[in-house]
Amino acid sequence: MYWIEKGGVLMYFIAVMSILGTTVIIERMIYFFLSERNKFDDIRDGFQKCLENKDVDGAIKFLENSKSASGRVIEEVISLWAETKTTNLTTLEEKARESALSEITRLEKNMWILSMVAHVTPLIGLLGTVTGMIKAFQAVAIHGTGDAAVLAEGISEALFTTAGGLFVAIPAMIIYNYYNKKIDNIINDMEKASTEVINYFRR
36 MYWIEKGGVL MYFIAVMSIL GTTVIIERMI YFFLSERNKF DDIRDGFQKC LENKDVDGAI
96 KFLENSKSAS GRVIEEVISL WAETKTTNLT TLEEKARESA LSEITRLEKN MWILSMVAHV
156 TPLIGLLGTV TGMIKAFQAV AIHGTGDAAV LAEGISEALF TTAGGLFVAI PAMIIYNYYN
216 KKIDNIINDM EKASTEVINY FRR
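What the sequence shown shows, in this note's numbering, is residues 36 to 238, in sequence order.
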């Protein structure tokens with residue numbers, strides 16, 4: 036509240052951006068922890084043993100509990116194969132692609148909000164800098180340079196909004212890039228998993 040009081044009305048916008056960014060960061064952290072705990076390498080042996088033993092239901096159940104996008108994509112492909120007994124590779128590839136697109140949508144949920152926070156908040160801080168300096172020069176024009184406190188108030192507001200904008204934007208940008216890299220790795224893992232499963236049916 037001290038920063039909001041000193042930074043002026045634009046600090047309210049920066050505070051809102053910080054709440055939005057923090058909410059998305061926590062929500063994505065919970066999602067990745069609960070739904071993306073395993074990579075394809077962690078689950079490969081488990082479902083392959085089930086398939087080798089002709090236990091399709093066991094493989095599907097294992098993949099449903101895999102806590103990974105790769106596992107869910109493979110589970111969709113194997114379920115289609117089990118239901119239709121199709122060996123049409125094009126059909127299985129289309130199912131894998133469809134399932135992967137659905138997973139990507141879930142992976143990227145709310146990431147645009149975090150991107151907006153990272154890119155817009157510094158601009159709000161810059162706007163606060165400009166408005167603060169305008170107030171400072173207006174004060175000089177009205178009261179002259181004799182009262183330093185009047186001049187300092189406008190400059191102080193400019194610096195508070197600049198610092199506030201950077202304080203919110205820098206962590207948001209770092210975590211946004213970290214999450215984006217994590218999403219890219221998961222997408223690559225899904226592609227690897229899909230290729231291996233399609234090759235399994237090809238053999």
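Idealized CB from N, CA, C, for every residue including glycine. A quick note: this is a predicted structure, and the numbers were derived from the prediction, not measured.
- A direct Cα-Cα distance of roughly 6 Å separates S103 from K74.
- Looking from the CA of I218, the closest CA among G43, F82, I139, T166 belongs to I139.
- The C-alpha of Y235 lies about 32 Å from the C-alpha of K144.
- Here the alpha carbon of I148 sits roughly 7 Å from the alpha carbon of G56.
- A Cβ-Cβ distance of about 11 Å is found for the pair V203 and I60, leaving them out of contact under the 8 Å criterion.
- Between A207 and A153, the beta carbon gap of about 4 Å places them in contact (Cβ cut-off 8 Å).
- The C-beta distance from V165 to M52 rounds to 18 Å, too long to meet the 8 Å contact threshold.
- Looking at the backbone, the Cα of I221 and that of G167 are separated by about 45 Å.
- Taking every protein chain shown into account, the CB of F172 has fewer than 16 other CB atoms within 10 angstroms, so this residue is exposed.
- In terms of CA proximity to D76, S101 leads the group T196, K89, S101, N88.
- DSSP, read as helix, strand or coil, puts K102 in coil.
- Spanning the alpha carbons of I233 and S137 requires a straight line of approximately 19 Å.
- The DSSP-derived three-state label of V165 is helix.
- For L98, the CB contacts under 6 Å within the same chain, skipping 5 residues up- and downstream, are F82, G106, I109, E110 in chain order.
- Contact check for T125 and G163: beta-carbon distance about 57 Å, past the 8 Å limit, so the pair fails to qualify.
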